[in-house]
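K.L.:
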Amino acid sequence: MALLERTETLTPIREKIEAGERLDFEDGVALMESDDILALGELADLARRARGGDDRVYFVQNLYLNQTNVCRVKCKFCAFAVTRKQEDAYTYTPDELVEDAVRQHQLTGFTEIHMVGGESPHVDFDYYVGIVRSLHEALPDVHLKLFTASEIHHMTTLSGLTHEEVLRELRDAGLGSLPGGGAEVFADRVRRLVAPGKEHPDYWFHVHRTAHGLGIPTHCTMLYGHVETYAERVDHLLRLRDQQDETGGFLAFIPLAFHPENTVFEKRGWKHTPGSDDLKLIAVSRLLLDNVPNVKAYWIMMGLPLTQIALHFGANDVQGTVVREEIFHAAGANTETEQKIDELVRVIQEAGRIPVQRDTLYNELRRW
Ligand code: SF4
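Everything in the sequence shown is counted per the working numbering, starting at 13 for the first residue and increasing by one.
#1: Within this structure, are the beta carbons of L356 and F71 separated by less than 7 angstroms?
#2: Flag this pair as touching only if the stretch 260-273 and the stretch 223-233 have three or more C-beta atom pairs under 8 angstroms; answer yes or no.
#3: Taking 8 angstroms as the cut-off, does the stretch 64-80 touch the stretch 327-336 (at least 3 CB pairs, one atom from each stretch)?
#4: Run the proximity test for G172: is its beta-carbon closer than 6 angstroms to any non-hydrogen atom belonging to the ligand SF4?
#5: Going by other Cβ atoms of all chains shown within 10 Å of its Cβ, with 16 needed for buried, is G192 buried or exposed?
#6: For T168, collect the residues of the same chain with a Cβ closer than 7 angstroms to its Cβ; drop the 5 residues on either side in sequence, then sort them by chain order.
#7: Using a 10 Å radius around the Cβ and a threshold of 16 neighbouring Cβ atoms, would you call A322 buried or exposed?
#8: With a threshold of 8 angstroms, are at least 3 pairs of Cβ atoms found where one atom belongs to the stretch 79-86 and the other to the stretch 265-280?
#9: What does V128 pair with, by DSSP beta-bridge criteria?
#10: With respect to the alpha helix (DSSP H) encompassing P106, which residues constitute its N-terminal and C-terminal limits?
#11: In terms of alpha-carbon separation, which member of F277, D354, T241, G186 lies closest to V293?
#12: Quick check: the stretch 45-65 against the stretch 98-109, are there 3 or more CB pairs under 8 angstroms?
#13: Pull up the distance between the alpha-carbon of R358 and that of G188, whole angstroms please.
#14: If we ignore side chains and look at the alpha-carbon of each, how far apart do L22 and S162 end up?
#15: Per DSSP, which residues does G332 bridge with? Please list them.
#16: Check whether the stretch 131-139 touches the stretch 107-115, taking contact to mean three or more Cβ pairs, one atom from each stretch, closer than 8 angstroms.
#17: Is DSSP giving H218 helix, strand or coil here?
#18: Buried or exposed for D153, going by 16 or more other Cβ atoms inside 10 Å?
#19: Could you tell me if N328 is buried or exposed, where buried requires 16 or more neighbouring beta carbons within 10 angstroms of its beta carbon?
#20: Using the C-alpha atoms, what's the distance from E278 back to P305?
#21: Among D138, A243, G121, Q79, which has the Cα closest to the Cα of F159?
#22: I think P267 touches M234, with their Cβ atoms under 8 angstroms apart; what is that distance to the nearest whole Å?
#23: Is F92 near the ligand SF4, with its Cβ less than 6 angstroms from a heavy atom?
#24: The beta strand (DSSP E) spanning N374 covers which residue range?
#25: In the structure shown, what three-state DSSP assignment does K279 receive?
#26: Between F89 and H218, how many whole angstroms is the CB-CB distance? I'm expecting something under 8 angstroms.
#27: Please state whether the Cβ-Cβ distance between G40 and L291 is less than 7 angstroms.
#28: So, for L68: in the same chain, excluding its five sequence neighbours on each side, which residues have a beta-carbon less than 6 angstroms away from its beta-carbon?
#29: Compare the beta carbon distance of A56 and A295 with 7 angstroms and say whether it is the shorter of the two.
#30: In whole angstroms, what is the alpha-carbon distance linking Q320 and E196?
#31: So, with DSSP's three-state summary, where would you put T23?
#32: If you follow the alpha helix (DSSP H) that A269 is in, where does it begin and where does it stop?
Given below as structure tokens:
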């Protein structure tokens, strides 16, 4: 596309942003189709600042746990799930999780536990309640960000309870918020191809809407870079925006790049998303999601150098120190699993931004 043509495509979008107007579906597709990456980054940064963003970049000190890798769903993009009979299958008891978490907490003083896992048919709802209660009793000051919407839905099938009853019970046991996983790409066509065993995306929205109604904040994601089209990406983002208009309970959006290693897609020769696509996703997310306050550049998936650039493409959060991370490393993410605070601070400062350690709810704990 010639320079003049590129400029003309983005000019009306720039005018809308400068006027504080909302972008629509066609704008989103035009942005996705643009190969003028630098212009996208500049527009996204403009939008972020126009909506009140400043130079602060957030991170949280957190511990990653996975309660089980046994899963009945068999998503095609997943390199993490196993059956109970496989040698490397595990399902930790609440006591084992507490022991691990308390030990890690003594070492690092994390403020958040992020835990997701497989949908094991071999546990019951009491197992999940027991995990939440035990962790909350052992570490009452630590925020528990646990279980994807798919896992919450799985708990309703295990228990016969409604989504609201499940969430209420977990909240009363100490659950603080939900992570955003399980969203993948909402379009039916994509779900049939990559996650045919997963419940309909309407349940993802139902769980998050219900959680927001109970005062449980949540996060939202998109797993991109597989079979989805640009239009399906935009549709996904706009559905999230509609939900946020309705309930306002999303704390942050996290784009998750698909890693093909150890999945059926590796045999088909699929590669990682190019860095330019990762940056485009960050920028377009920021531009379309005008009502979600935070966009994360998840350094464990992007790597630190690209994360630094993403901070100029609309991202204002690099996620966490991540004491442990298993799902994406099973699928080939090769960044270090342990990052010291010092390193994240350095990375943010080198990008010309102000590092701020936050808690899960974006309260500022420390600023450099
Ligand atoms: S992505 Fe989640 S639900 Fe799908 S197979 Fe893997 S663990 Fe199971």
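Ideal placement from N, C-alpha and C gives every residue a C-beta, glycine not left out.
P.N.:
Once the coordinates are examined:
#1: yes
#2: yes
#3: yes
#4: no
#5: buried
#6: T174, H175, V178
#7: buried
#8: no
#9: Paired residues: none, contrary to the question.
#10: 106-120
#11: Looking at the sequence itself, residue 293 is Leu, so the reference to Val does not match. It is T241.
#12: no
#13: 30 angstroms
#14: 37 angstroms
#15: V72
#16: no
#17: helix
#18: exposed
#19: buried
#20: 35 angstroms
#21: Q79
#22: 6 angstroms
#23: yes
#24: Correcting the residue type first, residue 374 is Tyr in the shown sequence and not Asn. Where Y374 is concerned, there is no enclosing beta strand (DSSP E), given that its DSSP letter is neither H nor E.
#25: helix
#26: Not quite, the Cβ-Cβ distance comes to about 23 angstroms (not below 8 angstroms), so this is no contact.
#27: no
#28: First, the amino acid is wrong: residue 68 is Arg here, not Leu. Contacts found: I366, V368.
#29: yes
#30: 25 angstroms
#31: helix
#32: From DSSP, A269 is part of no alpha helix (DSSP H) but of the beta strand (DSSP E) over 262-269.
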